[in-house]
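> Questions regarding the structure given below will be posed in turn.
In full-length UniProt numbering, the protein residues as written are 1 to 264.
What follows is the structure in structure tokens.
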């Protein structure tokens with residue numbers, strides 16, 4: 001992404017109440033900054049901020065952080081967040097901060113277990129093999145995420161790059177992470193109105209490009225909840241099949257009885 005920075009953008013960010021320029025100061029203390037004990041979720045590489053801003057507006061009981069390295073994106077993200085919250089009738093943004101940071105230094109920004117969820121939306125695919133370690137789903141980043149996430153921890157990943165998605169599937173698998181809700185064309189049956197879209201996603205969908213998505217459950221509570229949901233679905237499926245077989249058997253008995261009566 002090529003950005004044209006505005007003059008004195010850095011100085012304006014210093015006065016911006018939504019922007020955190022030195023995130024290391026809040027390592028282990030993010031809940032103090034938010035002023036509550038709500039779960040904390042971060043988007044790494046937030047772009048212009050549409051996704052994280054709409055997530056914060058839709059879920060006031062959750063704290064959000066949008067992370068990016070570029071001052072111009074932080075500025076645009078701040079404006080987007082204030083606009084979206086103003087549309088809700090609020091002149092403040094109570095549950096969102098934008099962080100100038102790099103995933104390379106994630107452990108310097110977050111204490112172990114400080115995060116509930118990490119969003120990776122349309123990260124740079126770094127298509128050349130020699131750049132594989134720069135991909136945000138590389139195993140070295142996954143280890144950082146696992147350290148920062150708590151017992152409810154999850155990673156939600158979306159991309160338009162098939163090659164990055166294939167790489168990521170293998171990376172998650174090699175790291176022994178439990179994956180769920182894997183999709184090779186997220187909006188094939190129409191837009192998923194239960195999921196917030198990013199700016200890039202909107203453009204890609206309008207062009208007819210498939211969106212690839214998965215969720216990885218990492219924390220012990222998240223894994224237990226996922227297994228419980230899977231077992232529940234299996235029990236429901238088994239109950240439906242048993243009911244189907246019972247109905248078929250009863251129908252067969254009724255047919256046999258009717259045939260016997262007709263024969264008489």
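Backbone N, C-alpha and C define an ideal beta-carbon position, used for all residues, glycine too.
The structure displayed is predicted, hence computed values, not measured ones.
With residue 87 as the anchor, note down where its alpha helix (DSSP H) starts and where it stops.
Here the alpha helix (DSSP H) through residue 87 covers 71-87.
> In angstroms with no decimal places, state the Cα-to-Cα distance between residue 172 and residue 163.
Cα to Cα, the separation comes out at about 14 Å.
> Which residues share a DSSP beta bridge with residue 159?
Bridge partners of residue 159: 212.
> Among 70, 83, 100, 13, which residue has its Cα nearest to the Cα of residue 42?
Of the listed residues, the one whose Cα sits closest to residue 42 is 100.
> So what does DSSP say about residue 68, is it helix, strand or coil?
Residue state, collapsed to three classes: strand.
> By DSSP, does residue 232 sit in helix, in strand, or in coil?
Looking at residue 232 - three-state DSSP - the assignment turns out to be helix.
> Round the Cβ separation of residue 84 and residue 66 to the nearest angstrom and send it over; I've been treating them as touching at under 8 Å.
At roughly 12 Å, the Cβ-Cβ gap does not stay under 8 Å, so residue 84 and residue 66 are not in contact.
> When burial is assigned at 16 or more other CB atoms within 10 Å of the CB, is residue 202 buried or exposed?
That one is exposed.
> Quick check on DSSP: helix, strand or coil for residue 193?
DSSP places residue 193 in coil when its eight states are reduced to three.
> Beta-carbon separation of residue 98 and residue 196 under 8 Å?
No, they are not a contact pair.
> Ordered along the chain, which non-local residues of its own chain (more than five positions away) have a Cβ less than 8 Å from that of residue 80?
Answer for residue 80: 48, 49, 50, 53, listed in chain order.
> Measuring CB atoms only, is the stretch 172-191 touching the stretch 210-217, in the sense that at least three cross pairs come out at less than 8 Å?
Contact holds: three or more Cβ-Cβ distances are below 8 Å.
> Do the stretch 112-132 and the stretch 183-194 make contact, defined as three or more Cβ pairs closer than 8 Å?
At 8 Å Cβ cutoff, the stretches do not touch.
> Taking a contact to mean a Cβ-Cβ separation below 8 Å, would you say residue 152 touches residue 194 in this structure?
For residue 152 and residue 194, no; Cβs fall outside 8 Å.
> Does the stretch 102-120 come close enough to the stretch 144-160 to have 3 or more Cβ pairs within less than 8 Å?
They touch, by the three-pair rule.
> Do you know how far the Cα of residue 157 is from the Cα of residue 2?
No answer about residue 2 holds up, because its pLDDT of 46 lies below 50 and its placement is not dependable.
> Consult DSSP for residue 102 and reduce its assignment to one of helix, strand or coil.
In this structure, residue 102 counts as coil in the three-state DSSP scheme.
> How far does the alpha helix (DSSP H) with residue 41 in it reach, from first residue to last?
Per DSSP, residue 41 belongs to no alpha helix (DSSP H); it is in the beta strand (DSSP E), 40-44.
> So what does DSSP say about residue 147, is it helix, strand or coil?
Of the three classes helix, strand and coil, the one that applies to residue 147 here is helix, per DSSP.
> Give me the DSSP bridge partner(s) of residue 20.
DSSP output for residue 20 lists 99 as bridge partner(s).
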